[in-house]
Amino acid sequence: MYYVCHTLFCRFLHTNRKNCETTNKQAMRISTGFCIIGWLAVFFSKGSSTLDLGRLFTGYGIGVISYVVPVYIAEIAPKNLRGGLATTNQLMIVIGSSVSFLLGSVLNWRKLALAGVAPCICLLVGLFFVPESPRWLAKVGREKEFQLALRKLRGKDVDISHEAIEIMDNIETLKNLPKTKMFDLFQSRYVRSVVIGVGLMAFQQSVGINGIGFYTAETFVAAGLSSGKAGTIAYACIQVPFTMLGAILMDKSGRKPLITVSASGTFLGCLITGIAFVFKDQSLLLKWVPTLAVAGVLIYIASFSIGLGSVPWVMMSEVFPINVKGIAGSLVVLVAWLGAWVVSYTFNFLMSWSSPGTMFLYAGCSLLTILFVAKVVPETKGKTLEEIQACISS
Numbered sequence: 005m006y007y008v009c010h011t012l013f014c015r016f017l018h019t020n021r022k023n024c025e026t027t028n029k030q031a032m033r034i035s036t037g038f039c040i041i042g043w044l045a046v047f048f049s050k051g052s053s054t055l056d057l058g059r060l061f062t063g064y065g066i067g068v069i070s071y072v073v074p075v076y077i078a079e080i081a082p083k084n085l086r087g088g089l090a091t092t093n094q095l096m097i098v099i100g101s102s103v104s105f106l107l108g109s110v111l112n113w114r115k116l117a118l119a120g121v122a123p124c125i126c127l128l129v130g131l132f133f134v135p136e137s138p139r140w141l142a143k144v145g146r147e148k149e150f151q152l153a154l155r156k157l158r159g160k161d162v163d164i165s166h167e168a169i170e171i172m173d174n175i176e177t178l179k180n181l182p183k184t185k186m187f188d189l190f191q192s193r194y195v196r197s198v199v200i201g202v203g204l205m206a207f208q209q210s211v212g213i214n215g216i217g218f219y220t221a222e223t224f225v226a227a228g229l230s231s232g233k234a235g236t237i238a239y240a241c242i243q244v245p246f247t248m249l250g251a252i253l254m255d256k257s258g259r260k261p262l263i264t265v266s267a268s269g270t271f272l273g274c275l276i277t278g279i280a281f282v283f284k285d286q287s288l289l290l291k292w293v294p295t296l297a298v299a300g301v302l303i304y305i306a307s308f309s310i311g312l313g314s315v316p317w318v319m320m321s322e323v324f325p326i327n328v329k330g331i332a333g334s335l336v337v338l339v340a341w342l343g344a345w346v347v348s349y350t351f352n353f354l355m356s357w358s359s360p361g362t363m364f365l366y367a368g369c370s371l372l373t374i375l376f377v378a379k380v381v382p383e384t385k386g387k388t389l390e391e392i393q394a395c396i397s398s
């Protein structure tokens, strides 16, 4: 819980002040440094204060990275690969979480914290070999470096002239706009982008992923299983292939169909799990209750992983113009982490109130997600970031 709160507030403060002044690479380096300090503080902690300080630093670092990385990927990727590449970020997060699950079963918490330093070091080294975002270079007037970075990303034999002109024209248009502040996001030119970004993040959390995910074992035990360990392992393993499938489909099926199918699946999973709890409460078909509960949760996790887990982050990196990415991103990630905290905090209270009612509530939120996507969210597949802005503004 401390982790979510620290990430929430530190991420919000950092992006408002720094994101537009530092490059994405610099932001990743700084935040990775905070993560290293945080994990070492956890490893060497002798009491709760040092442990909490370590969580503060890791929360700060991961909070910044959670926004900067998808934005960086969206800015450097060609339009036909942007969705898949951005979803790969979510795939790596899921793989990392699954590895942490496995390591946590054989390592104590101190050694697990020390293991967290290894990927941080790999990231620091890897950042020396990646170029800066061409769009950021164009924004700050480093035109020669902009051309070199774009050429490096697209390849020596690719004609970049049309894309370069499109980027520069968009940057020139944005330069004529005044410097934005938080309340400026609610002006007519930005409000649709804000509604899309904030709405997707809010609905992503409202379907209950952080409650069901954090308390998977408890949910299975509540449904009548003798132990939730097997279900937890299945939960960890099922995320990876379905997130990978989502990455493959992102630029083939499009964002809207993928998130619609995903939300439909979370609705079905919650409905099945809720029915299982109804049967248990009414002492009906008791031998089928654990099977139904496990099937419902696994359908839910698979469905969430294929779309809802990644599409909001992909679209969040696409829908905002470059002059408001930092401040708008801080608002969107604030909503994401606040939603994660609210759902994880209230899950046990809701389950104590009514287990089937909790699942039916999340099923209802899944239906609202489908409606929101159908009515509000545009399709961004195959469009450049500049074309997306033109579509949203029209």
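First residue of the sequence shown: 5, per my numbering; consecutive thereafter.
We treat Cβ as the ideally placed atom computed from N, Cα and C, and that holds for glycine.
Where does residue i sit, in a helix, a strand or coil, going by DSSP?
i: L389; result: helix
i: R15; result: For R15, the pLDDT reaches just 48, beneath the cut-off of 50, and the residue's location in the model is therefore unreliable, leaving the point undetermined.
i: K291; result: helix
i: F381; result: Per the sequence presented here, residue 381 reads as Val, with Phe not at that position. If DSSP states are grouped into helix, strand and coil, V381 belongs with coil.
i: N352; result: helix
i: S321; result: coil
i: V46; result: helix
i: Q286; result: coil
i: I164; result: coil
i: Q191; result: coil
i: Y366; result: helix
Could you tell me the distance, in whole angstroms, from the CA atom of residue i to the CA atom of residue j?
i: M32; j: L296; result: 43 Å
i: C369; j: M205; result: 13 Å
i: I216; j: L262; result: 21 Å
i: K379; j: P82; result: 27 Å
i: I77; j: G58; result: 28 Å
i: K115; j: F47; result: 7 Å
i: N352; j: V265; result: 28 Å
i: I331; j: V134; result: 25 Å
i: M254; j: Q243; result: 16 Å
i: V377; j: E383; result: 10 Å
i: K143; j: K50; result: 47 Å
i: G145; j: I80; result: 17 Å
i: K29; j: P74; result: 12 Å
i: P123; j: I97; result: 11 Å
i: V103; j: V298; result: 22 Å
Figure out for me which residue from the options has the closest Cα to the Cα of residue i.
i: T91; options: K291, G250, E391 and G63; result: G250
i: T223; options: S359, P123, S321 and I310; result: S359
i: Y239; options: I99, K179, L85 and T27; result: I99
i: S35; options: V121, T384 and T362; result: V121
i: P316; options: A299, G361, R259 and S307; result: R259
i: I396; options: G333, Y194, L354 and I374; result: Y194
i: V68; options: T27, S102 and S52; result: T27
Meets three-Cβ-pair contact criterion under 8 Å: the stretch 364–383 and the stretch 268–276: yes
Touching by the beta-carbon criterion (3+ pairs, under 8 Å), the stretch 101–111 and the stretch 31–48: no
The stretch 129–144 / the stretch 152–159 touching (three or more Cβ pairs under 8 Å): yes
Three-pair Cβ contact test at 8 Å for the stretch 207–214 versus the stretch 309–318: yes
Touch test, the stretch 170–181 against the stretch 322–333, Cβ-Cβ under 8 Å, three pairs minimum: yes
The stretch 382–393 contacting the stretch 163–171, beta-carbon criterion three pairs below 8 Å: yes
Secondary structure, alpha helix (DSSP H): runs of 4+ residues fully inside the stretch 111–144: 113–119, 121–130 and 138–143
Segments of 4+ residues assigned as alpha helix (DSSP H) that fall wholly inside the stretch 29–93: 52–80
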